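Asker:
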Amino acid sequence: MNKVALVTGSSSGIGLETVLSLARDGYNTFASMRDTKKAGELEYAAKKENLKINVIELDVDSEESIISTIKKIMAESGRIDVLVNNAGYGQFGCTEDVSIEDFRKQFETNFFSIVRIIQEVSPIMRNQKSGIIVNISSVVGRLGLPGSSAYISTKFALEGLSECLRYELGQFGVKTTLIEPGVIKTNFFNSLKNSRIKGRS
Numbered sequence: 001m002n003k004v005a006l007v008t009g010s011s012s013g014i015g016l017e018t019v020l021s022l023a024r025d026g027y028n029t030f031a032s033m034r035d036t037k038k039a040g041e042l043e044y045a046a047k048k049e050n051l052k053i054n055v056i057e058l059d060v061d062s063e064e065s066i067i068s069t070i071k072k073i074m075a076e077s078g079r080i081d082v083l084v085n086n087a088g089y090g091q092f093g094c095t096e097d098v099s100i101e102d103f104r105k106q107f108e109t110n111f112f113s114i115v116r117i118i119q120e121v122s123p124i125m126r127n128q129k130s131g132i133i134v135n136i137s138s139v140v141g142r143l144g145l146p147g148s149s150a151y152i153s154t155k156f157a158l159e160g161l162s163e164c165l166r167y168e169l170g171q172f173g174v175k176t177t178l179i180e181p182g183v184i185k186t187n188f189f190n191s192l193k194n195s196r197i198k199g200r201s
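All residue numbers for the sequence shown refer to the numbering used here, where the first residue is 1 and numbers rise by one.
1. Taking the straight line between their C-alpha atoms, what separation do you get for residue 20 and residue 75?
2. Between which residues of its own chain and residue 61 is the CB-CB distance below 7 Å, once the five residues before and five after are set aside?
3. Would you report the Cα separation of residue 3 and residue 153, rounded to the nearest angstrom?
4. Considering residue 127, what are the terminal residues of the alpha helix (DSSP H) in which it resides?
5. For residue 15, which residues of its own chain have a beta-carbon under 6 Å away from its beta-carbon, when the five flanking residues on both sides are left out?
6. Which word fits residue 18, buried or exposed, when buried means at least 16 other C-beta atoms lie within 10 angstroms of its C-beta?
7. Which same chain residues, not among the five before or five after residue 82, have their C-beta less than 6 Å away from its C-beta?
8. Is it buried or exposed, residue 11, if we count other Cβ atoms within 10 angstroms and call 16 or more buried?
9. Is the number of C-beta pairs between the segment 50-64 and the segment 113-123 that are closer than 8 Å three or more?
10. Ends of the alpha helix (DSSP H) at residue 22?
11. Just to confirm before moving on: does the CB-CB distance between residue 148 and residue 179 stay below 8 Å?
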């Protein structure tokens with residue numbers, strides 16, 4: 001039986017490439033995204049290499065969606081061996097200029113959604129006595145920069161969560177891995193550039 005992987009935020013960038021890499025390695029890979037209509041690039045790349053992937057809808061900001069999606073995967077595959085928490089976005093601006101509401105939204109997507117997903121998946125992995133949780137952080141999870149307090153704070157929080165999970169779940173055969181990418185050419189930075197242009201217009 002092929003091992004099963006779930007990747008969040010799979011429509012582009014790191015998530016998309018992670019899905020393809022796992023599929024190449026023989027994983028039964030579930031590529032989750034908020035809007036499955038945005039799966040075109042991923043599906044084209046997978047078809048080009050004759051890779052089998054499963055595109056599945058998941059709104060990481062919705063607890064109901066998280067629970068439903070995990071249940072669907074378990075009903076179809078009976079296990080989850082790899083979880084890659086990649087979904088997220090950047091909220092930028094000086095601390096005094098970013099509203100509390102925007103701070104909350106940033107934490108909801110970049111941190112609390114990951115906690116929710118792990119709370120659903122970790123019992124499955126514990127029962128299997130195996131599994132890998134991969135949290136995609138950032139190099140800025142280790143340093144502060146001006147104009148990025150909301151985004152960077154979520155990454156600091158994710159670093160701490162990952163360290164705790166390493167101790168909590170390691171004794172059950174479940175590994176926790178943290179990845180801290182630097183600057184990568186993805187739509188993340190295109191979106192940031194466009195938002196700044198819009199803000200100045």
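Note that beta-carbon positions come from the ideal geometry of N, C-alpha and C, so glycine has one too. Since the structure is predicted, the reported quantities are computational estimates derived from the model, not experimental observations.
Answerer: Here's the rundown:
1. 23 Å
2. 108, 109, 113
3. 34 Å
4. 113-128
5. 7, 9, 86
6. buried
7. 5, 132
8. buried
9. yes
10. 13-24
11. no
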